[in-house]
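In what follows, a single structure is set out as C-alpha cells and then discussed.
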Amino acid sequence: GENVEQHPSTLSVQEGDSAVIKCTYSDSASNYFPWYKQELGKRPQLIIDIRSNVGEKKDQRIAVTLNKTAKHFSLHITETQPEDSAVYFCAAASGGSYIPTFGRGTSLIVHP
Amino acid sequence: NAGVTQTPKFQVLKTGQSMTLQCAQDMNHNSMYWYRQDPGMGLRLIYYSASEGTTDKGEVPNGYNVSRLNKREFSLRLESAAPSQTSVYFCASARGEGNTIYFGEGSWLTVV
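Chains as they are written, first to last, in my numbering: chain G, 3 to 114; chain D, 18 to 129.
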C-alpha cells in the first residue's frame, strides 16, 4: 500500500519568513495530493491540492509543487503570519482509491 | 450547508461501557470515513464506507464497529470501551474515489 513520509515534524519560523514542508510517497499510481491545515482543537481543512497532471499550483501565499519522477511534493508558505501556526498534513491518493494516505503532520509555529 | 456533523462533541466513558458516535453529511457524498487522531500519530483510519451498503476495515479497526445507515449517516460503535480508545474521533466524507475528504468537527472521547 501507499506510504507517505512528511518532514519536518516541527517547523519554527519568524513572521515574514517562508516555510516549506515536504512529503514523499511510494505508490507511483498516486495522482491526487491534498494538503490540510488543522488549527488547535479544530478539524483538518483542505487548503490546497494538486493532481498529477500539474507540476505547481498557487493560491495567494500558498503553493504546492509536485515531482512525480522523484515521488515528492511540497507545500510552500510565503510571508508567514502568526495565524499560519497550525499542524499541516499532506496526503496521497490514487484515482482508484477511496482512501488517501496521510502523513504524520508538521507543526508549524510562526513567531511574531 | 452544515457539511459533516458528528455527535457528541465530548464524552467521558468508564471502561467497559459502550457508546455510538453519530455522523451525518448533507453533501450527497458517496464515501464516508472514521478516523482517530492521537498525539504524534496523525490521522489513522478506523473504518470506511466507499458507498451506501458497504463498509471496510481501515488501519486500526479492532474494538470498533460501524454502520452505514443510509447515504447520509455513518455511525461508529465502541462495544466495550478501553482506555486505549481515548482519542479524538473525526468523521469525514468524500464524493468518491480520489476526491477531497471533508472532516467533521471531531468528538473528544475519554475512557477512564
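The beta-carbon is built from N, C-alpha and C at its ideal position, and this holds for glycine as well.
From a predicted model like this one, the values you see are computed outputs, not experimental measurements.
Sheet register partners of Asp-73 of chain D (DSSP bridge) | By one-based count along the second sequence, residue 73 of chain D stands at place 56. Partner residues in the beta bridge of Asp-73 of chain D, as assigned by DSSP, are D:Tyr-65.
Determine whether the Cβ of Pro-102 of chain G lies closer than 9 Å to any Cβ atom of chain D.
-> The residue given as residue 102 of chain G occupies position 100 in the first sequence. Residue contact check for Pro-102 of chain G against chain D: a CB pair falls below 9 Å.
Please name the residue, chosen from G:Asp-61, G:Phe-91 and G:Glu-7, that lies closest to Thr-80 of chain G on a Cα-to-Cα basis.
-> Within the first sequence, numbered from 1, the residue matching residue 80 of chain G stands at position 78. Of the candidates G:Asp-61, G:Phe-91 and G:Glu-7, the one whose C-alpha sits nearest the C-alpha of Thr-80 of chain G is G:Asp-61.
Grab me the residues of Leu-84 of chain D's own chain with a C-beta within less than 6 Å of its C-beta, minus the 5 sequence neighbours each way, in chain order.
-> Counting from one through the second sequence, the residue named residue 84 of chain D turns up at place 67. A small correction: the amino acid at residue 84 of chain D is Ser; Leu does not occupy that position in the sequence shown. Cβ neighbours of Ser-84 of chain D beyond the five flanking positions: Ser-92.
Taking buried to mean at least 16 other C-beta atoms within 10 Å of its own C-beta, is Phe-104 of chain G buried or exposed?
-> On the first sequence, residue 104 of chain G is found 102 positions in, with the first residue counted as 1. When all chains shown are included, Phe-104 of chain G counts as buried.
Mind listing the chain G neighbours of Tyr-65 of chain D? Cutoff is C-beta to C-beta under 7 Å, in chain order.
-> Residue 65 of chain D sits at position 48 when you count from the first residue of the second sequence. Neighbours of Tyr-65 of chain D on chain G, chain order: Tyr-100 and Ile-101.
Where do the N-terminal and C-terminal ends of the beta strand (DSSP E) with Ile-79 of chain G fall, by residue?
-> Against the first sequence, residue 79 of chain G aligns to sequence position 77. In the DSSP assignment, Ile-79 of chain G falls within the unbroken beta strand (DSSP E) covering 74 to 79.
Contact list for Glu-122 of chain D against chain G, beta-carbon separation under 7 Å | For the purposes of this step, residue 122 of chain D is taken as the residue at position 105 of the second sequence. Residues of chain G passing the Cβ test: Arg-45.
Nearest to Val-129 of chain D by alpha carbon, out of D:Lys-26, D:Leu-30 and D:Ala-19?
-> Working through the second sequence from its first residue, we reach residue 129 of chain D at position 112. Per the C-alpha coordinates, the member of D:Lys-26, D:Leu-30 and D:Ala-19 positioned closest to Val-129 of chain D is D:Leu-30.
Residues near Lys-88 of chain D by beta carbon distance below 7 Å, same chain, minus five either side | Position 71 of the second sequence, counted from the first residue, corresponds to residue 88 of chain D. Excluding its 5 nearest sequence neighbours in each direction, Lys-88 of chain D has C-beta neighbours in its own chain below 7 Å: Glu-69, listed in chain order.
Taking only heavy atoms of the ligand SAM into account, decide whether any of them is closer than 8 Å to the Cβ of Ala-94 of chain G.
-> Among the ligands in the structure shown, none appear at all, so the ligand SAM cannot be discussed.
Expressed to the nearest angstrom, what Euclidean distance is found between the alpha-carbon atoms of Glu-41 of chain G and Trp-125 of chain D?
-> Position 39 of the first sequence, counting from 1, holds the residue named residue 41 of chain G. Position 108 of the second sequence, counting from 1, holds the residue named residue 125 of chain D. When rounded, the distance between both Cα atoms is 15 Å.
Go ahead and label His-46 of chain D buried or exposed: buried means 16 or more other beta carbons lie within 10 angstroms of its beta carbon, across all protein chains shown.
-> Counting from 1 along the second sequence, the entry for residue 46 of chain D is found at position 29. The residue is buried, with at least 16 neighbouring Cβ atoms inside 10 Å.
Same chain, Cβ closer than 8 Å to Val-15 of chain G, five either side skipped, listed in chain order = Counted from its first residue, the first sequence places residue 15 of chain G at position 13. Only Ala-21, Thr-82, Leu-110, Ile-111, Val-112 and His-113 meet the Cβ criterion.
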